[in-house]
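Heads up: the protein sequence lines correspond to chains E and Y, in order. Residues 71 to 400 in our numbering are what the first sequence lists, from first letter to last. Residues 71 to 400 in our numbering are what the second sequence lists, from first letter to last. Just so it is clear, CB atoms sit at the ideal spot from N, CA and C, and this is done for glycine as well.
Protein chains: 2
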Amino acid sequence: MKKYQVVGIGNAMVDVLAKVEDDFLDDNGIEKGIMTLIDTARATELYGKMGPAREISGGSAANTIAGLAALGSRTAYVGKVKDDQLGAIFAHDLRAQGADYDTPLAPASHTAETGRCMVLVSPDHERSMNTYLGVTEFLSPDDIDESQMADAEWLYLEGYRFDGPDSHAAFAKAIAACKGAGGKISVTLSDPFCVNRHRDAFRTLIHDHIDLLFCNEHELKALYETDDLSIAFSLARKDVPMLACTVGANGAYAYVDGTDYHDPATASKVMDVTGAGDLFAAGYLHGMVNGRNPISCLRMGNLAAGEIISHIGARPEADLKALFGAHGLV
Amino acid sequence: MKKYQVVGIGNAMVDVLAKVEDDFLDDNGIEKGIMTLIDTARATELYGKMGPAREISGGSAANTIAGLAALGSRTAYVGKVKDDQLGAIFAHDLRAQGADYDTPLAPASHTAETGRCMVLVSPDHERSMNTYLGVTEFLSPDDIDESQMADAEWLYLEGYRFDGPDSHAAFAKAIAACKGAGGKISVTLSDPFCVNRHRDAFRTLIHDHIDLLFCNEHELKALYETDDLSIAFSLARKDVPMLACTVGANGAYAYVDGTDYHDPATASKVMDVTGAGDLFAAGYLHGMVNGRNPISCLRMGNLAAGEIISHIGARPEADLKALFGAHGLV
């Protein structure tokens, strides 16, 4: 048995969440529903304008790993924070959830700070993310512990990490070490604009290395440059043996070994959609690495996503194990 | 018209909130429902043991001022944070709510950090607070701007501030400047253990300077060293012309100019009682400085407290103005 069932690699950051009216998004040129990278000056400007907020650890793959840890899977996370107060908060929240986290800290002398994401939640519960990457941008191959990668049944790679200068090299090192020891690789497309920025790199990675692709319908359409989801599915089948794709209120689709599966979304109260995709991946992966069939995996993904959108923030609040148990899934 | 209706002086801090089981409190020697001062070593130990948390600006008087600002009263706050990430979060959240906040920052070279309070919320929704004061302990008379104090109709003094080394001198300077310009002074007892630590100082302050005393039943009993609330009320009448006292699920009592008033608590969902007293004071003060009768003031206090206990954290989430309007109180 390998030490880890899933090791995630992603951009480590703390979310700064606030409610806003739609006018705020319009007045500040913020596109609703997507993730926009911002620099320090823009971060300062936006923060100065936005209302009172709360801070909750975030980071897409970190949210997934936190969900997996909450469910009892054996997990670790790789992502860079600084030796500062927000970095300490991020590390605490992940370890306290039960995940291993040992990525070297960027020193206090680093000019950038721990990354943060200003998450603006509008009245329709959609979130618009403005990300200051800070030190997490600088994760490099030196931060990848090959023995840890070899000790993982699955890697889970966050698409947002394609934005860092050494990210491709770091991913390549991690993939080689994991695959070399018989592990498998999953990736999430993260965001349609991220796909547009790095389409060729995503296509090559997926074709050459990926065993399981996570995405939503918008990201998959962006990847294959089509408006037709069925065409995107067909093209994906040629690239990757397994896919799990969320389709908003319609739940999620998967194909595994040539067979299609669908699970409708469980109706749930929606407060803030931040982290829905991250926790879908957590539920799906938890099922998969614990030997459940694809329909159960989809069900777990939808249930975990339903929990996360029922409250503010992208880390689980309810007891996910108990939730799965109540649905006969434990 | 004075620039400010209420200026608050308190311990500035960020709350670190997490759910815990009762066993956690027992195992770690934490007394439920009260505020315990802790040092850096204990803070590190407790934080290492507690589960994932979220950070929301707190500080008792700061919560009251945030509530007043949210309601549209003209407010300012005085309390010390450091030039660090948590200090920036605290300052942002207060200013973004509409309060003025100009206390000089402790420099980055200060050995202590911005204060924080580990708020452990148990299954019965009670909160147990473990406070690392950090730099907020060192608020001194130099931090009190006499012209600002003179510009306040009311001061609102936080009892917890009696724990700082220069706190009494800072309070004295603020009181003299405010009263000298015709302003009035209110104080909150904050916590029964805080009252026990500083009973003589509280009694002297109240007798000599206070126009309006905020407290809950436990604090008032501690102040007058009696188990009988009616005796405590009788003793208070000799010390202070106005009192507003919360009595948990029974709502709140007030006496004003020799007349007694009572308003029962509005039934509300309870998630976390952190900040209930702070927001009661916000609602009561908002009514008072805007010329409402004592029953309306009590009603506003109870409604604002009801909002704050319906969610995690001690800063308002709902639109308090709209809430008051829905109850015919605007």
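Are the beta-carbon atoms of residue i and residue j separated by less than 9 Å?
i, j, result
"GLY121(E)", "LYS89(E)", "yes"
"ALA146(E)", "VAL77(E)", "yes"
"THR274(E)", "LEU227(E)", "no"
"LYS339(E)", "ALA140(E)", "no"
"ILE126(E)", "ARG124(Y)", "yes"
"ASP163(Y)", "ALA136(Y)", "yes"
"SER143(E)", "LEU355(E)", "yes"
"SER407(E)", "ALA388(E)", "The displayed coordinates of chain E run from 71 to 400. Any statement about residue 407(E) would go beyond what the structure contains."
"PRO193(Y)", "ALA242(Y)", "no"
"ASP333(E)", "ILE365(E)", "yes"
"MET225(Y)", "ALA244(Y)", "It is Leu, not Met, that sits at residue 225(Y) in the sequence shown. Their beta carbons are under 9 Å apart, which means LEU225(Y) touches ALA244(Y) by this criterion."
"ASP233(E)", "HIS180(E)", "no"
"ALA322(E)", "LEU368(E)", "yes"
"ASP170(E)", "LEU209(E)", "no"
"GLY371(E)", "GLY398(E)", "no"
"GLU191(Y)", "ASP348(Y)", "Here residue 191(Y) turns out to be Val, not Glu, going by the sequence shown. Result no, Cβ atoms of VAL191(Y) and ASP348(Y) do not sit closer than 9 Å."
"GLY229(E)", "PHE272(E)", "yes"
"ILE378(E)", "LEU87(E)", "no"
"GLU207(E)", "ALA166(E)", "no"
Quick check on residue i: does DSSP put it in helix, strand or coil?
i, result
"MET188(E)", "strand"
"ALA366(Y)", "This sequence places Ser at residue 366(Y); Ala is not what is there. Here SER366(Y) sits in helix by DSSP."
"GLU377(E)", "helix"
"LEU107(E)", "strand"
"ALA352(E)", "helix"
"GLU115(E)", "helix"
"VAL86(E)", "strand"
"LEU305(E)", "helix"
"THR206(Y)", "helix"
"ASP333(Y)", "strand"
"GLU216(E)", "helix"
"ALA324(Y)", "strand"
"ARG124(E)", "strand"
"ALA247(E)", "helix"
"GLY318(E)", "helix"
"LEU227(E)", "strand"
"ALA222(Y)", "strand"
"VAL77(E)", "strand"
"LEU399(Y)", "coil"
"MET312(Y)", "strand"
"PRO211(Y)", "helix"
"LYS391(Y)", "helix"
In chain order, what residues of the same chain have a beta carbon less than 6 Å from the beta carbon of residue i, not counting five sequence neighbours either side?
i, result
"CYS187(E)", "MET83, ASP85, GLY128, MET199, THR201"
"LEU282(Y)", "SER256, MET312"
"ALA222(Y)", "TYR74, VAL77, CYS248, GLY253"
"VAL148(Y)", "ILE79, THR173"
"GLU216(E)", "ALA247"
"THR344(E)", "VAL189, ARG197, ALA384"
"VAL151(Y)", "ALA82, GLY157, PHE160, THR184"
"ALA448(Y)", "No answer is possible for residue 448(Y): the residues shown for chain Y start at 71 and end at 400."
"TYR325(E)", "LEU313"
"ALA220(E)", "ALA247, ALA251"
"ALA178(Y)", "ASP153"
"ALA113(E)", "TYR202"
Excluding the five sequence neighbours on either side, which residues of its own chain have a C-beta within less than 8 Å of the C-beta of residue i, listed in chain order?
i, result
"ASN98(E)", "LEU116, LYS119"
"THR106(E)", "ILE100, SER198, MET199, ASN200, THR201, PHE263"
"VAL310(Y)", "ILE276, HIS277, ILE280, ASP281, LEU282, LEU283"
"ASP34(Y)", "Residue 34(Y) lies beyond the range of chain Y shown here (71 to 400); nothing can be said about it."
"ASP330(Y)", "TYR323, ALA324"
"ALA346(Y)", "THR316, ALA375, ILE378, ILE379"
Can you list, in chain order, the residues of its chain with a C-beta nearer than 7 Å to that of residue i? Leave out the 5 residues immediately preceding and following it.
i, result
"GLU287(E)", "LEU299, CYS315, VAL317"
"THR336(Y)", "ASN372, LEU373, GLY376"
Is there a Cβ of chain C sitting closer than 9 Å to that of residue i, yes or no?
i, result
"ALA178(Y)", "The structure shown has no chain C; the protein chains it does contain are E and Y."
- Message: Taking beta-carbon pairs under 8 Å, can you tell me which members of the stretch 210-241 of chain E lie near chain Y?
- Response: none
- Message: Which runs of the alpha helix (DSSP H) at least 4 residues long sit entirely within the stretch 128-201 of chain Y? Give them in chain order.
- Response: Counting only runs of 4 or more, we get 130-141, 155-166.
- Which runs of the beta strand (DSSP E) fall wholly inside the stretch 252-299 of chain Y and span at least 3 residues, in chain order? Within the stretch 252-299 of chain Y, the complete beta strand (DSSP E) runs of at least 3 residues fall at 254-258, 282-286.
- Message: At a CB distance below 7 Å, what residues from the stretch 147-162 of chain Y approach chain E? Give them in sequence order.
- Response: Per Cβ criterion, the list reads ASP154, GLN155, LEU156, ILE159, HIS162.
- Where the stretch 107-129 of chain Y meets chain E: residues whose CB sits under 9 Å from a CB there: TYR117, GLY118, LYS119, MET120, GLY121, PRO122, ALA123, ARG124, GLU125, ILE126, SER127
- Note down, in chain order, all residues in the stretch 375-390 of chain E with a beta-carbon under 7 Å from any beta-carbon belonging to chain Y. GLY383, ARG385
- Of the residues that make up the stretch 165-182 of chain E, which ones have a beta carbon closer than 7 Å to any beta carbon in chain Y? Taking a C-beta cut-off of 7 Å against chain Y, the contacting residues of the stretch 165-182 of chain E are ALA166, GLN167, listed in chain order.
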